[in-house]
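Asks: Protein sequences, first through last, are from chains A and B. Residues in the first sequence are numbered consecutively from 24, following the numbering used here. Residues in the second sequence are numbered consecutively from 24, following the numbering used here. Even glycine gets a Cβ: it sits at the ideal position worked out from N, Cα and C. Remember, predicted model here, so these are calculated numbers, not experimental data. Structure incoming, see below.
There are 2 protein chains.
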Amino acid sequence: MTDTRTLISPADAKPPYFVGVDLGGSSVKTGILDDLGQTLLYHSFPTEIERGPDDAARRMAGAVAELIGKLGLRPSEVKSLGLGSPGTMDLRAGVLLDPVNLPGWQNFPLRDRLRQYCGMPVTFANDAGAAAFGEFWAGSGKQFQSLAMFTLGTGIGCGIIINGVSVDGSHSTGAECGHTLIDFHPDGRLCSCGQTGHLEAYASATALVKRTIEALESGMKTSLNARIDRGAKLTPLILAEEAEAGDTLSLELIVDTAKYLAVGIVNVMHTVDPDGVLLGGAMTFGGKNSTLGQRFLATIQEEVRRRAFPILAAETTIDYASLGSDAGYIGAAGLARAEHARLSARG
Amino acid sequence: MTDTRTLISPADAKPPYFVGVDLGGSSVKTGILDDLGQTLLYHSFPTEIERGPDDAARRMAGAVAELIGKLGLRPSEVKSLGLGSPGTMDLRAGVLLDPVNLPGWQNFPLRDRLRQYCGMPVTFANDAGAAAFGEFWAGSGKQFQSLAMFTLGTGIGCGIIINGVSVDGSHSTGAECGHTLIDFHPDGRLCSCGQTGHLEAYASATALVKRTIEALESGMKTSLNARIDRGAKLTPLILAEEAEAGDTLSLELIVDTAKYLAVGIVNVMHTVDPDGVLLGGAMTFGGKNSTLGQRFLATIQEEVRRRAFPILAAETTIDYASLGSDAGYIGAAGLARAEHARLSARG
Chain A
24 MTDTRTLISP ADAKPPYFVG VDLGGSSVKT GILDDLGQTL LYHSFPTEIE RGPDDAARRM
84 AGAVAELIGK LGLRPSEVKS LGLGSPGTMD LRAGVLLDPV NLPGWQNFPL RDRLRQYCGM
144 PVTFANDAGA AAFGEFWAGS GKQFQSLAMF TLGTGIGCGI IINGVSVDGS HSTGAECGHT
204 LIDFHPDGRL CSCGQTGHLE AYASATALVK RTIEALESGM KTSLNARIDR GAKLTPLILA
264 EEAEAGDTLS LELIVDTAKY LAVGIVNVMH TVDPDGVLLG GAMTFGGKNS TLGQRFLATI
324 QEEVRRRAFP ILAAETTIDY ASLGSDAGYI GAAGLARAEH ARLSARG
Chain B
24 MTDTRTLISP ADAKPPYFVG VDLGGSSVKT GILDDLGQTL LYHSFPTEIE RGPDDAARRM
84 AGAVAELIGK LGLRPSEVKS LGLGSPGTMD LRAGVLLDPV NLPGWQNFPL RDRLRQYCGM
144 PVTFANDAGA AAFGEFWAGS GKQFQSLAMF TLGTGIGCGI IINGVSVDGS HSTGAECGHT
204 LIDFHPDGRL CSCGQTGHLE AYASATALVK RTIEALESGM KTSLNARIDR GAKLTPLILA
264 EEAEAGDTLS LELIVDTAKY LAVGIVNVMH TVDPDGVLLG GAMTFGGKNS TLGQRFLATI
324 QEEVRRRAFP ILAAETTIDY ASLGSDAGYI GAAGLARAEH ARLSARG
């Protein structure tokens, strides 16, 4: 499935332009953005992992060339391309190492191959870091100098921006806050990564479902049983529906998720002390537009206030991200723009 | 008690020069350093808190002028002064807010007052951040681009340097890793700050003594009892002596401290992914020159390897800091030098 959208016209845009590419396991999102972070033209297409990384790089370059052509931009007006990708990766070398979500794409020099095929400088980034930079540049984090962003889904991704620079880390594993310990005890919950006690093992969608199954097995009374009897598969969405319909257990399990998340958020606050912490991803229970989403955020904020240093409890913003699944390609373009500015300043 | 030392002569030094001041609850350490982080002349004097912050600022300026005079340096050769101070503080405003270790010094504009009295630009820093920068510039962290440094003592201080920049935080509380949670449960140990489950509540000297008292109360067999009967006060040093003399309990309590610390270290590694993590402060059990100090470090390294991402377990250096109690004034001078370079680059 492909999707193409025109957002603002070149007449309303501020040159120069930057390309953002967000590579995921199921789709590739591409966009042409102006200097203010506005998207002129957006196009997504299936990743088709089985065709391999070289083929994907060619298709990315083709899609980008088509977007630039459609907009009638001169090549010199499009300065560079940013690529956000799932890990593991070596950011400095521009190489995919062993990306769990891209089976068969091991040890591929994606950055340089893409540079070769699209003929412009390529900035290589972690997908969670790109999403954080997207919110920083053009989303809920626009007013911040520094932020941490948590992407809540099957796992917990994180990106940290300090004074406008993404914390990539010395070994391309900066901002892996989903894998910080919130319980050092040997009986801490088992994480997808094989370690115990990690934030992700308590607060991801996977963890929420696991805690729900445990509650059901312990025989707790809940309307979830009727849903399962009617064939529903346990997901955060089903829990959200039952919580909204008044099921106490479902609500408790979601509230517990918020409290666990708050612990991870306090830890990042006490480590890098950002202006704000943003929450995005699939597991945000409808976000600001839903009563449950508001309750989820309020519970996180309350627990953070209870646990953080008083000055941080009073002054650090905890909010939802605003760009949804567009954050990744927008942030990738933003990182390309920041790198372009750094290199230009050097002369 | 004052202490004055001449370290290298101006003939062997590389200009320009920078002043480092490390303000503590009991003493003020001052030094004149060259562009390579070498100390030309060092002088320390008692803080005498009761004389108040304005008097202290005057005495600091006086001591600095005397050092510069003794060295025969021209004022234009000494570019700026860095001041490391205990918090709480507002780094951007240059103001002490409510420093626990400097009673009566609340809400004092220390940076600007010192600038006024010593007539040169002043860079204001957190003491733990200054110590981390000292190791980064001139100590065990010289080869790193980024590092985290833990200062182990009554509490646990931390400084983080990323790509040469200290993580001060948006509210002057960056790198408060002693107050990150390693146990979210309500029965987590009580920290000096009033919260529960913090690293400091498990791994500081205070926590070690507390855990020792609990072990003694539970009736465990140990040679510590004999020491206490002979009038010894429980301290990490007493535990170290008994551990070295073969007392199993004392050694276990120290090893447990190392394991708790490793959890906090893994958390900072999974959050900012530095090149290295350094350990300094009073509670390092003799450091590299002692068998117990080597055992302490080895236990931390082993536990970090067990808990960290494989690539970080393999590649992140965990080591002792090398500058001892000089790290603070050296780092303060280094931060002044870095700020001077930034301002000069701007023109």
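Just to confirm before moving on: does the CB-CB distance between residue 90(A) and residue 55(A) stay below 8 Å?
Replies: For the purposes of this step, residue 90(A) is taken as residue 67 along the first sequence, with counting starting at 1. For the purposes of this step, residue 55(A) is taken as residue 32 along the first sequence, with counting starting at 1. Yes, the pair counts as a contact, with Cβ atoms nearer than the cut-off.
Asks: How is residue 376(B) classed by DSSP in three states: helix, strand or coil?
Replies: Within the shown structure, residues of chain B are numbered from 24 to 370, placing residue 376(B) beyond reach of any answer.
Asks: For the alpha helix (DSSP H) that contains residue 159(A), what are its first and last residues?
Replies: Numbered from its first residue, the first sequence carries residue 159(A) at position 136. Taken as a continuous stretch (DSSP letters only), the alpha helix (DSSP H) holding residue 159(A) covers 150-161.
Asks: Nearest to residue 281(A) by alpha carbon, out of 269(A), 222(A), 253(A), 264(A)?
Replies: Taking the first sequence and counting its residues from 1, one reaches residue 281(A) at position 258. When each option's Cα is compared against that of residue 281(A), the closest is 222(A).
Asks: Let me know the secondary structure DSSP gives residue 53(A) once reduced to three states.
Replies: As a working note, residue 53(A) is residue 30 in the first sequence. Looking at residue 53(A) - three-state DSSP - the assignment turns out to be strand.
Asks: Alpha carbons only, please: which of 141(A), 247(A), 288(A), 160(A) is nearest the one belonging to residue 354(A)?
Replies: To locate residue 354(A), count along the first sequence from 1; it is residue 331. The option with the nearest alpha carbon to residue 354(A) is 160(A).
Asks: If you run the structure through DSSP and keep just helix, strand and coil, what is residue 363(A)?
Replies: Within the first sequence, numbered from 1, the residue matching residue 363(A) stands at position 340. Of the three classes helix, strand and coil, the one that applies to residue 363(A) here is helix, per DSSP.
Asks: What three-state label does DSSP hand residue 301(B) in the structure shown?
Replies: On the second sequence, position 278 is the one that residue 301(B) refers to. In the structure shown, residue 301(B) sits in a strand (DSSP, three-state: E or B).
Asks: Using the C-alpha atoms, what's the distance from residue 300(B) back to residue 320(B)?
Replies: On the second sequence, residue 320(B) is found 297 positions in, with the first residue counted as 1. On the second sequence, residue 300(B) is found 277 positions in, with the first residue counted as 1. In a straight line, the C-alpha of residue 320(B) is about 11 Å away from that of residue 300(B).
Asks: Just to make sure I have the definition right: I need the residues of chain B whose C-beta is within less than 7 Å of the C-beta of residue 335(A). Which are they?
Replies: The residue labelled residue 335(A) in the question sits at position 312 within the first sequence. By Cβ distance, chain B contributes 194, 196.
Asks: Which value, in whole angstroms, describes the spacing of the CA atoms of residue 249(B) and residue 262(B)?
Replies: Counted from its first residue, the second sequence places residue 249(B) at position 226. Counted from its first residue, the second sequence places residue 262(B) at position 239. Their Cα atoms are separated by approximately 12 Å.
Asks: Considering only the alpha carbon of each residue, which of 356(B), 147(B), 187(B) lies closest to residue 195(B)?
Replies: Taking the second sequence and counting its residues from 1, one reaches residue 195(B) at position 172. Comparing Cα positions, the closest option is 147(B).
Asks: With DSSP collapsed to three states, give me the class of residue 173(A).
Replies: Residue 173(A) sits at position 150 when you count from the first residue of the first sequence. Note: residue 173(A) maps to strand in three-state DSSP.
Asks: Would you please verify whether the beta carbon of residue 362(B) is less than 8 Å from any beta carbon of chain A?
Replies: In the second sequence, counting from the first residue as 1, residue 362(B) sits at position 339. For residue 362(B), the answer is no, since every Cβ of chain A falls outside 8 Å of its Cβ.
Asks: Just to make sure I have the definition right: I need the residues of chain B whose C-beta is within less than 9 Å of the C-beta of residue 122(A). Which are they?
Replies: In the first sequence, the residue the question calls residue 122(A) occupies position 99. Ordered by position in chain B, no residue passes the 9 Å Cβ test against residue 122(A), which lies about 14 Å from the chain.
Asks: Per DSSP, what kind of secondary structure is residue 108(B) in: helix, strand or coil?
Replies: Position 85 of the second sequence, counted from the first residue, corresponds to residue 108(B). It is a strand residue.
Asks: Is it the case that the Cβ atoms of residue 2(B) and residue 350(B) are separated by a distance below 8 Å?
Replies: A question about residue 2(B) goes unanswered here, because the residues of chain B that appear run from 24 up to 370.
Asks: Rounded to a whole number of angstroms, what is the C-alpha to C-alpha distance between residue 339(A) and residue 176(A)?
Replies: Counted from its first residue, the first sequence places residue 339(A) at position 316. Counted from its first residue, the first sequence places residue 176(A) at position 153. One C-alpha to the other measures close to 24 Å.
Asks: Assuming residue 284(A) and residue 290(B) form a contact by the criterion Cβ under 8 Å, report the distance between their Cβ atoms to the nearest whole angstrom.
Replies: Against the first sequence, residue 284(A) aligns to sequence position 261. Against the second sequence, residue 290(B) aligns to sequence position 267. Their Cβ separation, rounded to whole angstroms, is 16 Å, which puts residue 284(A) and residue 290(B) out of contact at 8 Å.
Asks: Is the region 240-258 of chain A close to the region 167-181 of chain B, with three or more CB pairs under 8 Å?
Replies: The region 240-258 of chain A vs the region 167-181 of chain B: no contact.
Asks: Taking 8 Å as the CB-CB cut-off, is residue 200(A) touching chain C?
Replies: Going by chain labels, chain C is absent from the structure shown, which instead holds the protein chains A and B.
Asks: Residue 364(A): which of 295(A), 187(A), 348(A), 75(A) sits nearest, CA to CA?
Replies: On the first sequence, residue 364(A) is found 341 positions in, with the first residue counted as 1. When each option's Cα is compared against that of residue 364(A), the closest is 187(A).
Asks: According to DSSP, which residues form a beta bridge with residue 221(B)?
Replies: Reading the second sequence from its first residue, position 198 is the one you call residue 221(B). Paired residue(s): 204(B).
Asks: Can you find the residues in the same chain that come closer than 7 Å, C-beta to C-beta, to residue 213(A), ignoring five residues on each side of it along the sequence?
Replies: Mapped onto the first sequence, residue 213(A) falls at position 190. Here the set comprises 219, 224.
Asks: Nearest-angstrom Cα distance between residue 140(B) and residue 114(B)?
Replies: Counting from one through the second sequence, the residue named residue 140(B) turns up at place 117. Counting from one through the second sequence, the residue named residue 114(B) turns up at place 91. Each residue's Cα considered, the two are about 19 Å apart.
Asks: With H, G and I counted as helix, E and B as strand and the rest as coil, what does DSSP make of residue 123(A)?
Replies: Taking the first residue of the first sequence as position 1, residue 123(A) is located at position 100. Reduced to three states, the DSSP call for residue 123(A) is coil.
Asks: So the candidates are 255(B), 274(B), 209(B), 149(B); which of them puts its Cα closest to the Cα of residue 234(B)?
Replies: Along the second sequence, read from residue 1 onward, the residue named residue 234(B) stands at position 211. It is 274(B) whose Cα lies nearest to the Cα of residue 234(B).
Asks: Return the CA-CA distance between residue 133(B) and residue 119(B), expressed in angstroms with no decimal places.
Replies: Residue numbering aside, residue 133(B) sits at position 110 when the second sequence is read from its first letter. Residue numbering aside, residue 119(B) sits at position 96 when the second sequence is read from its first letter. Between residue 133(B) and residue 119(B), the C-alpha separation is close to 7 Å.
Asks: Any contact between the region 28-44 of chain B and the region 331-346 of chain B? By contact I mean 3 or more CB pairs, one from each, below 8 Å.
Replies: With the cut-off at 8 Å, the region 28-44 of chain B and the region 331-346 of chain B do not touch.
Asks: If we cut at 8 Å on Cβ distances, does residue 118(B) have a partner in chain A?
Replies: Taking the second sequence and counting its residues from 1, one reaches residue 118(B) at position 95. No, residue 118(B) lies away from the interface with chain A (no Cβ there is under 8 Å from its Cβ).
Asks: Where in the region 236-270 of chain B do unbroken runs of the alpha helix (DSSP H), each at least 4 residues long, occur, reported from the N-terminal end onward?
Replies: Listed in chain order, they are 247-252, 259-267.
Asks: With DSSP as the reference, label residue 333(B) as helix, strand or coil.
Replies: As a working mapping, residue 333(B) is identified with position 310 in the second sequence. Correct three-state label for residue 333(B): helix.
Asks: Would you kindly work out how many angstroms separate the C-alpha atoms of residue 362(B) and residue 61(A), rounded to a whole number?
Replies: Your numbering for residue 362(B) matches position 339 in the second sequence. Your numbering for residue 61(A) matches position 38 in the first sequence. Straight-line Cα distance between these residues: approximately 35 Å.
Asks: Between the Cα of residue 58(B) and those of 28(B), 93(B), 100(B), spot the shortest distance and give me the residue it belongs to.
Replies: Residue numbering aside, residue 58(B) sits at position 35 when the second sequence is read from its first letter. Of the listed residues, the one whose Cα sits closest to residue 58(B) is 100(B).
Asks: Which residues in the same chain have their Cβ closer than 6 Å to the Cβ of residue 265(B), if we skip the five residues on either side of it in sequence?
Replies: Working through the second sequence from its first residue, we reach residue 265(B) at position 242. Taken in chain order, the residues that qualify are 246, 247, 273.
Asks: Tell me whether the beta-carbon of residue 295(B) lies closer than 8 Å to the beta-carbon of residue 183(B).
Replies: As a first step, residue 295(B) must be located in the second sequence, where it is residue number 272. As a first step, residue 183(B) must be located in the second sequence, where it is residue number 160. Result yes, Cβ atoms of residue 295(B) and residue 183(B) sit closer than 8 Å.
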